[in-house]
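Visitor: So the protein lines, in turn, are chains G and L.
Letter by letter, the first sequence follows residues 280 to 735 in this note's numbering.
Letter by letter, the second sequence follows residues 280 to 735 in this note's numbering.
For glycine and all other residues, C-beta sits at the position ideal for the given N, C-alpha and C.
Encoded as structure tokens, here's the structure I'll be asking about.
There are 2 protein chains.
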Amino acid sequence: MARNNIVIVGGAAAGMTAATRIRRNRPEASVTVIEKGAYISYAACGLPYYVSDDIKDINKLILYTPQEIYDTYKIRVLTGHQVLNLHARNRQLEVRNLETGRISDIGYDRLILATGASPVIPDIPGSTLDGVYGLRNIDDALALKKNLESGLTRRAIIVGSGYLGLEMAEVLRKHSVDVLLIEAKPHLIDPFELEIASMVKNELLYNGCQIQKSVRLSGINGSSEGIHSVELDNGAEVLTDMVVFAAGIKPNVSLAKQAGISLGKSGAIRINNKQETSLQGVYAIGDCAEVRHRVTGKYVYSPQATSALKQARVAADNASGKFTKFEGITGTAIVKLFNLHVGRTGIDKSIVQALNLNVETATVEATSRAAYYPGAENLTAKIFFNTSDGQLLGAQMAGREGIAAGIDVFSSALHNKMTVFDMLHLDLSYTPPVAAAWNPVLLCAMQAVKKLNRRF
Amino acid sequence: MARNNIVIVGGAAAGMTAATRIRRNRPEASVTVIEKGAYISYAACGLPYYVSDDIKDINKLILYTPQEIYDTYKIRVLTGHQVLNLHARNRQLEVRNLETGRISDIGYDRLILATGASPVIPDIPGSTLDGVYGLRNIDDALALKKNLESGLTRRAIIVGSGYLGLEMAEVLRKHSVDVLLIEAKPHLIDPFELEIASMVKNELLYNGCQIQKSVRLSGINGSSEGIHSVELDNGAEVLTDMVVFAAGIKPNVSLAKQAGISLGKSGAIRINNKQETSLQGVYAIGDCAEVRHRVTGKYVYSPQATSALKQARVAADNASGKFTKFEGITGTAIVKLFNLHVGRTGIDKSIVQALNLNVETATVEATSRAAYYPGAENLTAKIFFNTSDGQLLGAQMAGREGIAAGIDVFSSALHNKMTVFDMLHLDLSYTPPVAAAWNPVLLCAMQAVKKLNRRF
């Protein structure tokens, strides 16, 4: 089957990574990217830091303009174009030019869907008023920063205490905005453990954020002039000038659905280890697709930039006739809020319970450098391990430094299905100004082994 | 055989770690530590930071005094006692009280040698003059700091560009001392690769240190008043007030030798995976002993605090009747000099050549955070991998942050005998202020895979 005409829907990081890799693989192929918005090839994870003004120039987050990508890679990019329909039988896309309204057909030999995700915005009164924001793309970032730089926003409500919600708390405090963070669950940053969640709570409070848990937004009040208050489902009415929705994202799958492509249980596009969907010759990558979790072996919805980029390479290879596989994730994610770093990898308590595993935990307090060295910071690490064989199942950490380092070792251990017995022997870096002689990973393994030895 | 009376020779970190673990394992046993010096249980790796005055109080580096260890653990510590002879046949030590000169016999059921190492000091004229220093123990640190705080030392020569030499360069510059670092080999910080060595050189120069390579000390000139100059083997005579020997260490094995304990090819004490020496019931740990390198499977001399502590636990377990094994090292080490962090793990070029392996390298320049995020620092990573199967063999990194994190992932990969193909799939931390989307480990793996694919 021909692979001369490859089309990608979606021009954010995953789509453009796939496009440039296809070009490298197949110098002679036609490569076209169709993007609804005006920008391509941007670092979405960097947007909060543009809004915070840590990054002054939005162009720093944009790797290529459409013209640059054409000049460098001869990749044709159609920005401001929306794919209305996917006709799988004759491999055609029905595409609308959003500026002119003109509709045309674009054929493909291979198609990659990189349609991304959208913020979850509840269907409540006022949710479309000016002053209500999400943060997924360049337009969102420009609008949010413009608002904050006007100086007119004094109070903001953040809905959700996931990674974006916590990052936005820092962003808004940098603009001296009074922040109220509301979380529907009874504790913050689910699915982190309480030890970690309480460190997150303290960091928010220390930095002047208010928090309300176990509460939902039930309405937003305002007019064409903007918003002035919100209503909570506990009956409270709270004054605010801004609402930021950070209560998770949902995969953009309407095109896939229309085309009859199978979705997984999670609602995201089901793929195999070649990133191929149920439709032959059609691949899906990034935030619209599922991903295989190595620890459970199951496909889940776990949108992360790092796996999106890996999936993009794999889909690009397979679309251009080179067989490669994506081996799945261990579930690594990390976030910084103010001076606290929080990370996790592997599976969490809810999944452990769902799988009915025999699990024990080990929790340690450690220091990021030798305890006696100036600047050593306390950190907390907690692991889950299988009591039947000692296999590591998951890890969570929080502290002011050394978190990425620890999580990456735990992730490597999960990747290799290491037991806590074997982890005891990891040969990890030590020098007093940079790391402690007993790395937190080793301390966790020691405590876990002690618990297991006591059982037998 | 009885294990009621366990004796440890050497009261630094390894010896005391063994002692306290034996106490935990066997609450009823008699545990005795014999230490030549006045101090026990100190963090030797922290000594440079006491000398630099980053740490003001030497007691911060001392975990326990002999009295405290007795009160807490009922471990008897004889400081100021030297073991003169080991009579293996009747399990007796001949011990001299260095204060009184009195000699007595101390019996043991199990013995652990933690006799440490000494600086390599060449046999040249003047090497015992005042003003000539090593830095291995508390007394060395007190003497060096006293000298530097006198303000009378204006110029110093550091002999050797290994970890201690580089740390001492920073220490001496903090005291505003003019530093000349001399290295016998033609490049610094052997066995690091040239890319890394040149970053080390630049960091030293930027911080006002002078460097001479391919040169050795041939004499030290001075009198009872102190030293005033040194002679180099290139004929130069250089004025100096201080010489610091940092040209490596040699294991303290005279007691082991006297007792007929086998040494390895490296000259350090040969041990098995239980840390047992050739003499039944006698164990050796830490800087006096060899260690098995997991990558080559061979026993080598590679003294590191982290493996000393692990060996201490293993020797303590076996000495107290609990079978555990030490699984060996991957060869991880890291050093900070000024603002540069430098690390390595696995094997280096000289070992690769000695083993006659088919090896290729991959070198990448990366950033410690997202490239667009303020404070992102450049770093260099270089790996060695086997071209026959893609297995990772070693890694070296240098940069201002993120080095320990990367080296620890490489070390975990080596521990698990990962190939560069498999490393591509590691799920590593990413958030713009803390780490880049393409971790340096992944970039190295990508480049290595590209090289391997080109070959086939």
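Using a Cβ-Cβ distance cut-off of 9 Å, determine whether L:His454 contacts chain G.
Guide: Start at 1 with the first residue of the second sequence, and residue 454 of chain L comes out as number 175. False, the Cβ-Cβ gap to chain G never drops below 9 Å.
Visitor: Which chain G residues are close to L:Thr609, counting only those with a beta carbon under 7 Å from its beta carbon?
Guide: Counting from one through the second sequence, the residue named residue 609 of chain L turns up at place 330. Per Cβ cutoff of 7 Å: Asp706.
Visitor: If you measure from the beta carbon of G:Asp419 to each beta carbon in chain L, is any gap under 9 Å?
Guide: Numbered from its first residue, the first sequence carries residue 419 of chain G at position 140. For G:Asp419, the answer is no, since every Cβ of chain L falls outside 9 Å of its Cβ.
Visitor: Compare the C-beta of L:Ile682 against all C-beta atoms of chain G and say whether one is closer than 9 Å.
Guide: As a first step, residue 682 of chain L is located in the second sequence; it is residue number 403 there, counting from the start. For L:Ile682, the answer is yes, since a Cβ of chain G falls inside 9 Å of its Cβ.
Visitor: Could you check the C-alpha separation between G:Leu372 and G:Tyr580 for me, to the nearest Å?
Guide: Working through the first sequence from its first residue, we reach residue 372 of chain G at position 93. Working through the first sequence from its first residue, we reach residue 580 of chain G at position 301. Each residue's alpha carbon lies about 26 Å from the other.
Visitor: Which runs of the beta strand (DSSP E), 3 residues or longer, sit entirely within the region 652–678 of chain L?
Guide: Taking only runs of at least 3 residues, the beta strand (DSSP E) segments lying wholly in the region 652–678 of chain L are 657–665 and 671–678.
Visitor: Which residues in chain G sit within 8 Å of L:Ile528, going by Cβ to Cβ distance?
Guide: Along the second sequence, read from residue 1 onward, the residue named residue 528 of chain L stands at position 249. What L:Ile528 touches in chain G: nothing, since even the nearest Cβ is about 16 Å away.
Visitor: Return the Cβ separation of L:Gln726 and L:Ile475 in integer angstroms, given the expectation that the two are a contact with Cβ distance under 8 Å.
Guide: Here the question's residue 726 of chain L lines up with position 447 in the second sequence. Here the question's residue 475 of chain L lines up with position 196 in the second sequence. Their Cβ separation, rounded to whole angstroms, is 17 Å, which puts L:Gln726 and L:Ile475 out of contact at 8 Å.
Visitor: Determine the contact status of L:Thr311 and L:Val356, defining contact as a CB-CB distance below 9 Å.
Guide: Position 32 of the second sequence, counted from the first residue, corresponds to residue 311 of chain L. Position 77 of the second sequence, counted from the first residue, corresponds to residue 356 of chain L. It is a contact, given that the beta carbons lie within the stated cut-off.
Visitor: Would you mind telling me which residues of chain G sit closer than 8 Å to L:Lys615, beta carbon to beta carbon, in chain order?
Guide: The sequence position of residue 615 of chain L within the second sequence is 336, counting from 1. By Cβ distance, chain G contributes Thr710, Pro712 and Val713.
Visitor: Residues of chain G with CB under 7 Å from L:Lys424, in chain order?
Guide: Locating residue 424 of chain L in the second sequence gives position 145, where the first residue counts as 1. Residues of chain G passing the Cβ test: none, with the nearest at roughly 15 Å.
Visitor: Closer than 9 Å, CB to CB, is L:Arg573 near chain G or not?
Guide: Residue 573 of chain L sits at position 294 when you count from the first residue of the second sequence. It does; some Cβ of chain G falls within 9 Å.
Visitor: If you count every other CB in all the chains shown that lies within 10 Å of the CB of L:Arg415, and 16 or more means buried, which is it?
Guide: By one-based count along the second sequence, residue 415 of chain L stands at place 136. It is buried - the Cβ of L:Arg415 has at least 16 other Cβ atoms within 10 Å.
Visitor: As a quick exercise: from L:Ser331, L:Gly444, L:Ser647 and L:Val561, pick the residue whose alpha carbon is nearest that of L:Gly678.
Guide: To locate residue 678 of chain L, count along the second sequence from 1; it is residue 399. It is L:Ser647 whose Cα lies nearest to the Cα of L:Gly678.
Visitor: Are G:Pro398 and G:Gly527 close, meaning C-beta to C-beta below 9 Å?
Guide: On the first sequence, position 119 is the one that residue 398 of chain G refers to. On the first sequence, position 248 is the one that residue 527 of chain G refers to. Yes, the Cβ-Cβ distance between G:Pro398 and G:Gly527 is below 9 Å.
Visitor: Taking the straight line between their C-alpha atoms, what separation do you get for G:Arg303 and G:Cys324?
Guide: By 1-based counting over the first sequence, the position of residue 303 of chain G is 24. By 1-based counting over the first sequence, the position of residue 324 of chain G is 45. Looking at the two C-alpha atoms, the distance is approximately 26 Å.
Visitor: How about G:Val532 and G:Cys567: are their beta carbons less than 9 Å apart?
Guide: Within the first sequence, the letter at position 253 stands for residue 532 of chain G. Within the first sequence, the letter at position 288 stands for residue 567 of chain G. Yes, the pair counts as a contact, with Cβ atoms nearer than the cut-off.
Visitor: For L:Gly622, which residues in chain G fall below 8 Å Cβ to Cβ?
Guide: The sequence position of residue 622 of chain L within the second sequence is 343, counting from 1. Within 8 Å Cβ-Cβ: Ser708.
Visitor: So what's G:Arg623 in DSSP terms, helix, strand or just coil?
Guide: Walking along the first sequence from the start, residue 623 of chain G turns up at place 344. DSSP places G:Arg623 in strand when its eight states are reduced to three.
Visitor: So for G:Asn283, helix, strand or coil by DSSP?
Guide: On the first sequence, residue 283 of chain G is found 4 positions in, with the first residue counted as 1. In this structure, G:Asn283 counts as coil in the three-state DSSP scheme.
Visitor: Buried or exposed for G:Thr379, please, with buried defined as at least 16 other CB atoms from any protein chain shown within 10 angstroms of its CB.
Guide: For the purposes of this step, residue 379 of chain G is taken as residue 100 along the first sequence, with counting starting at 1. Burial call: exposed.
Visitor: Buried or exposed: which applies to G:Phe617, given that a residue is buried once 16 or more other Cβ atoms fall within 10 Å of its Cβ?
Guide: In the first sequence, the residue the question calls residue 617 of chain G occupies position 338. G:Phe617 should be labelled buried.
Visitor: Thinking C-alpha only, which one of L:Tyr562, L:Lys544 and L:Ile354 is nearest L:Ile550?
Guide: Counting from 1 along the second sequence, the entry for residue 550 of chain L is found at position 271. The shortest C-alpha separation from L:Ile550 is found at L:Tyr562.
Visitor: By DSSP, does L:Arg368 sit in helix, in strand, or in coil?
Guide: Taking the second sequence and counting its residues from 1, one reaches residue 368 of chain L at position 89. If DSSP states are grouped into helix, strand and coil, L:Arg368 belongs with coil.
Visitor: Under 9 Å between C-beta atoms, does G:Val517 make it to chain L?
Guide: Locating residue 517 of chain G in the first sequence gives position 238, where the first residue counts as 1. By this cut-off, G:Val517 is not an interface position.
Visitor: Please confirm if the region 581–596 of chain L is in contact with the region 283–300 of chain L, defined as three or more CB-CB distances below 8 Å between the two stretches.
Guide: Yes: at least three Cβ pairs fall under 8 Å.
Visitor: Name the one or two DSSP bridge partners that G:Gln491 has.
Guide: Taking the first residue of the first sequence as position 1, residue 491 of chain G is located at position 212. Beta-bridge pairing links G:Gln491 to G:Ile461.
Visitor: Am I right that L:Thr585 and G:Leu707 are in contact with their C-beta atoms under 8 Å? What's the rounded C-beta distance?
Guide: One-based indexing of the second sequence puts residue 585 of chain L at position 306. One-based indexing of the first sequence puts residue 707 of chain G at position 428. About 7 Å; that satisfies the 8 Å criterion.
Visitor: So with CB distances below 7 Å, who are the chain G contacts of L:Leu340?
Guide: If you number the second sequence from 1, residue 340 of chain L lands on position 61. Here the neighbours are Tyr651.
Visitor: Can you list, in chain order, the stretches of the alpha helix (DSSP H) that have 4 or more residues and sit fully within the region 319–396 of chain G?
Guide: You should have 326–330 and 345–352.
Visitor: Kindly say whether L:Gln583, judged by its beta-carbon, lies nearer than 9 Å to any beta-carbon of chain G.
Guide: Mapped onto the second sequence, residue 583 of chain L falls at position 304. It does; some Cβ of chain G falls within 9 Å.
Visitor: Kindly indicate which three-state DSSP category L:Tyr578 falls into: helix, strand or coil?
Guide: In the second sequence, the residue the question calls residue 578 of chain L occupies position 299. Reduced to three states, the DSSP call for L:Tyr578 is strand.
Visitor: For G:Glu569, count the other beta carbons within 10 Å of its own beta carbon; 16 or more makes it buried, fewer makes it exposed. Which is it?
Guide: Against the first sequence, residue 569 of chain G aligns to sequence position 290. G:Glu569 is buried by the Cβ-count criterion.
Visitor: Taking C-alpha atoms, which residue in L:Asp388, L:Glu446, L:Gly386 and L:Thr358 lies nearest to L:Leu377?
Guide: The residue you call residue 377 of chain L lines up with position 98 of the second sequence. Comparing Cα-Cα distances from L:Leu377 to each of L:Asp388, L:Glu446, L:Gly386 and L:Thr358, the minimum goes to L:Thr358.
Visitor: Helix, strand or coil: how does DSSP classify L:Ala568 here?
Guide: Within the second sequence, the letter at position 289 stands for residue 568 of chain L. Strand, per DSSP.
Visitor: So what does DSSP say about G:Pro719, is it helix, strand or coil?
Guide: In the first sequence, the residue the question calls residue 719 of chain G occupies position 440. G:Pro719: helix per DSSP, three-state reduction.
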